[in-house]
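Heads up, the thing below is written out as structure tokens.
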Amino acid sequence: MPELPEVETIVRDLARLLPGSKIRDVQVLRPDLIEGDTPEGFAAKLEGRKIRGVTRRAKNIVMDLGGDRLLVNLGMTGRLLVARAEDEAPTHLGVRMTLDRGRELRYHDVRRFGRLWTLAEDGWRAWDGELGVEPLSDDFTADWLRQAAARSRVAVKTWLMDQARVVGVGNIYASE
Numbered sequence: 013m014p015e016l017p018e019v020e021t022i023v024r025d026l027a028r029l030l031p032g033s034k035i036r037d038v039q040v041l042r043p044d045l046i047e048g049d050t051p052e053g054f055a056a057k058l059e060g061r062k063i064r065g066v067t068r069r070a071k072n073i074v075m076d077l078g079g080d081r082l083l084v085n086l087g088m089t090g091r092l093l094v095a096r097a098e099d100e101a102p103t104h105l106g107v108r109m110t111l112d113r114g115r116e117l118r119y120h121d122v123r124r125f126g127r128l129w130t131l132a133e134d135g136w137r138a139w140d141g142e143l144g145v146e147p148l149s150d151d152f153t154a155d156w157l158r159q160a161a162a163r164s165r166v167a168v169k170t171w172l173m174d175q176a177r178v179v180g181v182g183n184i185y186a187s188e
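Numbering (this note's numbering), first residue to last: 13 to 188.
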């Protein structure tokens, strides 16, 4: 399962390729990958929108659509790729977004544990407010870590994996 470092690497690549791209068409081929919406509703919220930026929050890829956001959680085997429209589609393609300049943004997921969803500004603030501190942020300091962990009685690994405390750390890195 991709954790913070892997998702951060993907986001940095997408942040070079996607800003300024317009989403022309959305095809949902596997409806179970869409969270909280119908395939038609999901597509309608994206079509015609411009991707203004790509960032990360926790283990999620976040695309700024100018107020609304598209979020992608890769689950265990999800992949988000920018491809030429004429390139052959992968076997487990779940969502295809046709972009301008002859490109597509493709989400495919063999195990289908990943999810895609949209959030309006108020939904984003509520969702973001439930998450803990980002380990790559200036807020994550030795002092913060010492004070936050000192108040807890749970095992260190359990504490590190609690996304309401620290985001992006999963089983692999918590074990290390």
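Cβ atoms here follow ideal geometry from the backbone N, Cα and C, with glycine treated the same way. Everything numeric in this text was worked out from a predicted model, so none of it was measured.
Backbone CA spacing between residue i and residue j [nearest angstrom]
i, j, result
"Pro31", "Arg113", "13 Å"
"Ala167", "Asn85", "26 Å"
"Asp151", "Leu157", "10 Å"
"Arg24", "Pro17", "11 Å"
"Glu146", "Thr130", "21 Å"
"Arg137", "Glu188", "32 Å"
Close-in-space but distant-in-sequence residues of the same chain around residue i (CB under 6 Å, 5 per side omitted)
i, result
"Leu26", "Val66"
"Ala132", "Asp80"
"Leu58", "Ile35, Val38"
Within 8 Å, strictly: CB atoms of residue i and residue j
i, j, result
"Gly60", "Ile22", "no"
"Val178", "Leu172", "yes"
"Gln175", "Gly141", "no"
"Ala186", "Lys169", "yes"
"Glu77", "Arg64", "Here residue 77 is Leu; the residue named in the question, Glu, does not match the sequence. In contact: Leu77 and Arg64 (Cβ atoms closer than 8 Å)."
"Glu52", "Gly182", "no"
"Glu116", "Arg68", "no"
Cβ neighbours of residue i in the same chain (closer than 8 Å, five flanking residues each side left out)
i, result
"Leu45", "Gly106, Val107, Tyr119, Asp121, Arg124, Gly126, Arg127, Leu128"
Residue(s) in a DSSP beta bridge with residue i
i, result
"Thr189", "Outside the shown range of the chain, which is 13 to 188, sits residue 189, and nothing can be said about it."
"Gln39", "Arg108"
"Val74", "Thr67, Leu83"
"Val178", "Val145"
Residues near residue i by beta carbon distance below 7 Å, same chain, minus five either side
i, result
"Val40", "Ile46, Pro51, Phe54, Ala55, Val107"
Three-pair Cβ contact test at 8 Å for the segment 107-127 versus the segment 91-98: Yes: at least three Cβ pairs fall under 8 Å.
Contact the segment 83-92 vs the segment 150-164: 3+ CB pairs below 8 Å: no
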